[in-house]
Each structure stands twice: as structure tokens, then as C-alpha cells.
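Each residue of the sequence shown is one higher than the one before, starting from 693 at the first, in the working numbering.
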Amino acid sequence: FENECHDVRFPDHNPCPLADLRTICEDMENFLRQDRVRNVIAVHCKAGKGRTGLVVSSFLLHVRKCSQAVDALNLFGEKRTYDGKGVTIPSQIRYVHHYEAVVREGKIRDPVWLRLLHVEVKPEPAVRWNFQLLTHKAGVIFDSTVQDSLPPLLKED
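Following this line, the structure appears as C-alpha cells:
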């Protein structure tokens, strides 16, 4: 691709950090402006729906092809799939809405940090669920399959 390839990685089924998403959209816009006739952009991920849809929908907002996240998501879904269901992961959909705010306000909002103190599932499942908590920067910070990974306040007596 004549050195015109950008590899931006973020975990499958997860959103892209907003600062990275803005950089991706700016890079795509700049590349297309260099030669509106010959320059083409291809965006892909494993299945071509979630992460690709997040980026393409955000780009549609970025270049103001769409003014609302719901319209960008619907347009991607219509063009990408037979059933119109493009991006289906709630966090990825939410981040397209966040990117709409970035475009509208011209800046990325300061993050608000929250501490999750309790999660309750009702009715209690008949089987034990294995799960992980992870962050983009630190990776896995909790793994239910590893006994010693429980924070001290959560360890069972």
C-alpha cells in the first residue's frame, strides 16, 4: 500500500479510546483531501462490523456526512449488512454517540472516574460465570479464574 497503511489496534468487542478515534478520523480526512479522485480508504477488523463500524460511523460524523450518531450507525448498518444491523456492541454504539459530542463541541470531554463497588445478578445464575475486568492501558486487572486475583475486599472468608 505504498506505506499508506495505518495499524490501529484496540480489543475486539471494545470501543476505541476517543483520542485515538479522533486521530484516526483526522488521518483519514487528510489522506482523502490529498487526492479526492485516487485516494481510497479501507477499514477492517476481524468481522468488519463492530470496530470497523465504530470507526466508519465516527468518520461519517467527523466529515459531517451525518450529523447524529444514530444516522451514522444506521447508514453503516444499511451499507454493510443485509439486515441493517451493523454495530451491535453497546459500548461501541455509545462511543459513536460520544464522538458525536466531540464533533459538536470541538473537544474531548475530561474523563469522569467512577468506582464500581458492587455488581449483583438476580436471579442468581445456576452456573458460575468466569469473567475478566480489563482496561485499554493496563490489560486484565481482574480474572475470576485466578483465585489470588481478587482484591482483598472481595475475597471470600
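All C-beta atoms, glycine included, are put in the ideal place defined by N, C-alpha and C.
Discussion item. Tell me the rounded alpha-carbon separation between E848 and R807.
Written reply: For E848, the predicted model reports a pLDDT of 43, less than 50, meaning its position is unreliable; a value from the coordinates is still stated below. Whole-angstrom Cα-Cα distance: 20 Å.
Worksheet item: Looking only at its own chain, which residues have a Cβ that is under 6 Å from the Cβ of G776, when we skip the five neighbours before and after it?
Response: The residues are G769, E770.
Worksheet item: For the alpha helix (DSSP H) that D727 lies in, which residues bound it at each end?
Response: For D727, no alpha helix (DSSP H) segment is defined, and its DSSP state is neither H nor E.
Worksheet item: Under a three-way DSSP split, which group does G798 fall into?
Response: DSSP places G798 in coil when its eight states are reduced to three.
Worksheet item: What is the DSSP secondary structure of I785, counted as helix, strand or coil?
Response: It is helical.
Discussion item. Can you give me the C-alpha to C-alpha distance between I785 and L765, rounded to a whole angstrom?
Written reply: The straight-line gap from Cα to Cα measures roughly 8 Å.
Discussion item. Tell me the residue span of the alpha helix (DSSP H) that contains D775.
Written reply: No alpha helix (DSSP H) contains D775, which DSSP labels as neither H nor E.
Item to complete: Could you tell me the distance, in whole angstroms, from the CA atom of I800 to the CA atom of T837?
Response: Distance between the alpha carbons of I800 and T837 is about 36 Å.
Worksheet item: With distances taken from CA atoms, which of E792, D802, L809, T773 is nearest A739?
Response: The residue with the shortest Cα to Cα distance from A739 is T773.
Practice prompt. Assuming V779 and G742 form a contact by the criterion Cβ under 8 Å, report the distance between their Cβ atoms to the nearest whole angstrom.
Written response: Contact annotation, V779 with G742: C-beta distance approximately 6 Å; criterion of less than 8 Å satisfied.
Practice prompt. Specify the secondary structure class of L845 as computed by DSSP and reduced to three states.
Written response: For L845, the predicted model reports a pLDDT of 44, less than 50, meaning its position is unreliable and no value from the coordinates is stated.
Worksheet item: How would you label S759, buried or exposed, when you count the other beta carbons within 10 angstroms and need 16 or more for buried?
Response: Classification for S759: exposed.
Item to complete: Starting from G831, trace the alpha helix (DSSP H) both ways and give me its first and last residue.
Response: No alpha helix (DSSP H) holds G831; the beta strand (DSSP E) holding it covers 831-835.
Fill in: L710, DSSP secondary structure in three states
The answer is helix: DSSP assigns L710 an H, G or I state.
Worksheet item: Opposite Q824 in the DSSP bridges: which residues?
Response: DSSP, once it has assigned bridges, lists D835 as partnering Q824.
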